Amino acid sequence: MSDLPPLRESLEAHGLLAKKSFGQHFLLDLNITRKIVRLAGPFEGRAVIEVGPGPGGLTRAIVESDAGPVVLVEKDPRFLPLLNELDTGDGRLRIIEADALKVVEADLVAGPAHVVSNLPYNVGTPLLIKWLTGPWIPHAMTLMFQKEVAERIVAAPGDDAYGRLAVIAQAVAEARIVMHLPAAAFTPPPKVASAVVHLVPHADRPDREMLKRLETVTAAAFGQRRKMLRSSLKQLGGGALCEAAGIDPDARAETIDIAGFLRLAAACGS
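Counting from 1, position 159 in the sequence shown corresponds to residue 158 in numbering that gives the first Met the number 0; the numbering is continuous, with no gaps.
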């Protein structure tokens, strides 16, 4: 990696600019990308998937680390020649031109793998939900989001940001913000600050059927978050459902903890 030109020079040489339609904002400071990789690791030889690597600022740091196979999923073909320059010839790097929302991760890596990404802003939340609720379970995820989205992931009951995303994420994984970044750290700078969230799936995470019920319950509860649960959950059983789950029917969604929502999801399927 030390033999490569600075990222800004590589971008200029290839005539590349960020595409707003892809939600692209490049992180070119290798001091920052190396810190993110340190927060994500140690990898101990496990595979790492990076989505939306763009010019490869984060990729350079991953390749320098103790990661095993490194799989890049990039939708924008303009970056493929630039990413190919990061191949050291040791067989670790694999570049896939694809939409990350459509790829099957189990086909990309064998065994447990980390996901480390500066996610494109327009698909960050759908990708997180895919990895939280889909059949493929990552070893851990270290992901950059807009600050507002990151706060929604880690929010606690009673917080203004507490909602569906917090419940689903924390039902599946331990989630915490490990780094904040100002808009000025990116090229071009976005209109908002960003934050890196580290998620480690629980050993006893809910199964996929329970997660489907949880998505149904949280959609109803937070869809009318200012209403009492007896009203917002009316189509699912209302007061009777709450009582079966040991939840106060007069409570509002924003006050119910993760365990409470899991009880509601279990009762919803009984």
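Beta carbons: idealized from backbone N, C-alpha and C, even for Gly.
It should be emphasised that the depicted structure is a prediction, and the values quoted were computed from it without experimental measurement.
C-alpha gap between residue i and residue j, whole angstroms
i: His138; j: Glu96; result: 23 Å
i: Lys74; j: Pro156; result: 36 Å
i: Ala239; j: Val196; result: 37 Å
i: Gln234; j: Asp28; result: 51 Å
i: Val114; j: Pro205; result: 20 Å
i: Leu330; j: Ile48; result: Past the edges of the chain, shown from 0 to 269, lies residue 330, and the structure says nothing about it.
i: Ala252; j: Leu261; result: 13 Å
i: Ala17; j: Pro189; result: For Ala17, the pLDDT reaches just 49, beneath the cut-off of 50, and the residue's location in the model is therefore unreliable, although a value from the coordinates is still provided. So the two alpha carbons sit approximately 11 Å from each other.
i: Thr124; j: Ala243; result: 32 Å
i: Arg175; j: Gly162; result: 16 Å
i: Pro76; j: Met227; result: 49 Å
Bridge partners - residue i, DSSP secondary structure assignment
i: Leu180; result: Ser193
i: Phe185; result: Leu26
i: Glu49; result: Leu71
i: Glu253; result: The partner list for Glu253 (beta bridge, DSSP) is empty, contrary to what the question assumes.
i: Arg175; result: His197
Among the options, the one whose alpha carbon lies nearest that of residue i
i: Val103; options: Glu173, Leu198 and Pro134; result: Pro134
i: Thr58; options: Phe25, Ser193 and Leu100; result: Phe25
i: Phe185; options: Tyr120, Pro76 and Ala244; result: Tyr120
i: Gly101; options: Trp130, Pro76, Leu92 and Glu84; result: This sequence places Lys at residue 101; Gly is not what is there. Among Trp130, Pro76, Leu92 and Glu84, the Cα nearest to that of Lys101 is on Trp130.
i: Val108; options: Val70, Ile152 and Phe78; result: Val70
i: Ala219; options: Ala160, Ala264 and Pro41; result: Ala264
i: Glu84; options: Glu43, Pro54, Glu173 and Thr141; result: Pro54
i: Ser193; options: Asn117, Arg77 and Gly90; result: Asn117
i: Ala160; options: Pro248, Ser64 and Phe221; result: Phe221
i: Leu126; options: Ala99, Glu147 and Thr141; result: Ala99
i: Val171; options: Ser64, Ile136 and Leu82; result: Ile136
i: Val62; options: Val72, Phe78, Leu38 and Arg33; result: Arg33
Local Cβ density within 10 Å of residue i, reported as buried at 16 or more and exposed below that
i: His201; result: exposed
i: Glu150; result: buried
i: Thr254; result: exposed
i: Thr87; result: exposed
i: Arg212; result: buried
i: Pro52; result: buried
i: Pro80; result: exposed
i: Arg45; result: buried
i: Ala105; result: exposed
i: Gly259; result: buried
i: Gly90; result: exposed
Neighbour flag for residue i against chain D, beta carbons, 8 Å
i: Asp28; result: Going by chain labels, chain D is absent from the structure shown, which holds only one protein chain.
**OP:** For the segment 88-159, list the beta strand (DSSP E) runs that are entirely contained and at least 3 residues long, ordered along the chain.
**Re:** 92-96, 112-117 and 139-145
Subject >> Start-end ranges of the alpha helix (DSSP H) lying completely within the segment 205-235, minimum 4 residues >> reply: 207-222 and 228-231
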